[in-house]
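Taking it in order: structure first as structure tokens, then the write-up.
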Amino acid sequence: HSPLSEHDNNPPSIFEPETPSVDVVDSLTAVSVGSNYITVAWPAVEGAISYEIIVTSSGSNGTVKYSTTSDTSFTISGLSPNTDYSIVVLDDLYEMAGTSLSVTTK
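Just so you know, we're using the numbering used here here: the sequence shown kicks off at 1 and counts up by one.
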């Protein structure tokens with residue numbers, strides 16, 4: 001039995017996904033909430049240069065807003081009062097959505 005036979009049955013490790021908590025924006029928090037804005041913040045993803053913020057409202061036909069920032073916080077403005085929003089942040093390295101955050105404007 002050759003030493004290579006063990007590796008033939010396993011995919012190369014470079015195709016194995018890394019731990020998602022390292023690769024995606026997780027621990028998304030609402031820092032400030034008003035009637036027409038929500039400020040969110042998140043821990044930096046190592047190596048990421050920019051982040052895409054995707055905001056979906058539960059009303060108004062599920063209106064979606066997109067924004068991009070190089071910071072680890074962002075204020076989403078132009079929102080409607082007393083509306084539920086779902087917010088997800090993607091980093092430019094992995095483009096995978098982390099945990100979504102549900103916030104209701106005041």
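Ideal placement from N, C-alpha and C gives every residue a C-beta, glycine not left out.
| Query | Result |
| --- | --- |
| Based on Cα-Cα distance, which residue from Asp71, Ile54, Ser50 and Ser58 lies nearest to Lys65? | Ile54 |
| Going by DSSP, which residues form a beta bridge with Val88? | Ile54 |
| Following the continuous beta strand (DSSP E) through Leu69, name the residue where it begins and the one where it ends. | The question names Leu, yet the displayed sequence has Thr at residue 69. That run of the beta strand (DSSP E) goes Val64 to Thr69. |
| Cβ of Val45 within 8 angstroms of Cβ of Leu93? | yes |
| Determine the contact status of Ile83 and Thr69, defining contact as a CB-CB distance below 8 angstroms. | With the sequence shown as reference, residue 83 is identified as Thr, and Ile is not the correct amino acid for it. Contact: no. |
| Is Ser77 closer than 8 angstroms to Ser102 when the C-beta atoms are compared? | no |
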